[in-house]
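The opening position of the sequence shown corresponds to residue 1 in UniProt numbering, with each subsequent residue numbered one higher.
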Amino acid sequence: MDLSVNKNRPLGFFYTDPNSAGQPSGASGYGGGIFFGRDPAASAKMLYSPDWSTKLYIRTPTGKDSMSPWHEFYSTANTVIDRNGNLKLINSNELSDYPVGAPIPWPQATAPSGFLVCNGQTFNKTTYPILAKAYPTGILPDLRGEFIRGVDYGRGIDANRTVLSAQGDAIRNITGEFAAVTTNVANRSGAFYHVANAQKFATHYDGSTPNVVGFDASRVVPTANENRPRNIAFLYIVRAA
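This is the structure we're talking about:
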C-alpha cells in the first residue's frame with residue numbers, strides 16, 4: 001500500500017506493514033488508519049496511527065494524484081501545560097508564543113531549529129514574512145559581542161536614540177591633578193602617580209628637583225582592552241516564524 005498518492009480508495013479501515021510506503025516520517029512499518037471523505041471516487045482523507053503508539057496523523061488530497069504532507073495531532077500524549085498555562089511539546093519542537101524577531105539569549109553555541117542567530121545575516125523576507133515585519137530591511141542585527149540597552153524615549157539618560165541604533169563605547173571622564181614643578185608630588189591625586197625625578201631646570205632654578213608624573217587609569221578603575229560591565233556570554237537568537 002502506498003499512502004503518498006491519491007487513488008480511488010474504498011472508505012473504511014486499512015492497515016500497513018513494513019512493505020507499505022507513504023507513512024509519516026519516523027512512523028513507518030505496522031500501523032492502521034481510516035480512509036474517509038465525501039466521495040471516495042474523487043478523493044479520500046487519511047487518518048493514520050503507527051502500532052504501539054499514541055500518535056495520530058492526518059493528510060488530505062491536494063490534487064488528482066497528490067496528497068498533502070502528514071500533520072500530527074497534538075494531544076495530552078505529546079504536550080504538557082507549563083506553570084504559566086502555555087502548551088508545550090514534549091520534544092525540542094516546542095510550541096511557543098514568544099514574539100517572532102525578539103532577541104533571546106540562548107545558552108548553547110548553535111541555534112535550535114526554527115531560530116536564527118543575530119549575527120547581521122540577511123534573511124528571506126518571503127520565507128519569513130512575520131520576521132520581516134520586525135526587521136523590514138531583511139537584515140538581523142549583529143549582536144555578537146554587543147549589549148542590548150533599553151531605548152531612552154524621553155527619559156533623558158541616553159537621549160536622541162532610536163530603536164536598533166548602534167552606539168560606540170565610551171567611559172566616564174577620569175581626572176586628577178598635581179603640582180607643575182615641585183620636589184614633592186605627594187599632593188598628586190586620581191590617576192596620576194610619581195614616576196621619577198626629572199632633570200633640573202637650567203634657568204630660574206631654586207634648588208628643587210622636578211618630578212616626572214605618570215597617568216594610569218588602573219590606579220582608579222579596573223582596566224582591559226575594552227570598556228565593559230560585568231557579564232555572562234549568551235548566543236542571541238530570534239524565532240524566525
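The beta carbon of each residue, even a glycine, is placed where N, CA and C say it ideally should be.
What are the start and end residues of the beta strand (DSSP E) that includes residue i?
| i | result |
| --- | --- |
| L89 | 87-89 |
| P50 | 45-50 |
| Y153 | No beta strand (DSSP E) holds Y153; DSSP gives it neither H nor E. |
| T16 | 12-16 |
| G190 | Careful: G190 lies outside any beta strand (DSSP E) and carries neither H nor E. |
| residue 293 | The chain is shown only over 1 to 241; residue 293 falls outside these bounds and no answer can be derived. |
| T79 | 79-81 |
| Y57 | 57-59 |
With DSSP collapsed to three states, give me the class of residue i.
| i | result |
| --- | --- |
| R239 | strand |
| S218 | helix |
| M1 | coil |
| Y98 | coil |
Buried or exposed, going by whether 16 or more other CB atoms sit within 10 Å of the CB of residue i?
| i | result |
| --- | --- |
| M1 | exposed |
| N160 | exposed |
| A233 | exposed |
| A224 | exposed |
| P107 | exposed |
| G12 | exposed |
| G31 | buried |
| L164 | exposed |
| P24 | buried |
| G154 | exposed |
| A44 | buried |
| Y15 | exposed |
| R230 | exposed |
| G150 | exposed |
| A111 | buried |
Are any of the Cβ atoms in chain D nearer than 8 Å to that of residue i?
| i | result |
| --- | --- |
| I237 | Among the chains of the structure shown, chain D does not appear; only one protein chain is present. |
Item to check | the region 233-241 touching the region 106-116, judged by at least three CB pairs closer than 8 Å | outcome: yes
Item to check | Inter-stretch contact (C-beta, 8 Å, three-pair minimum) for the region 212-221 and the region 71-91 | outcome: no
Item to check | Whole runs of the alpha helix (DSSP H) within the UniProt domain "Phage tail collar" (101-148), excluding any shorter than 4 residues | outcome: 129-134
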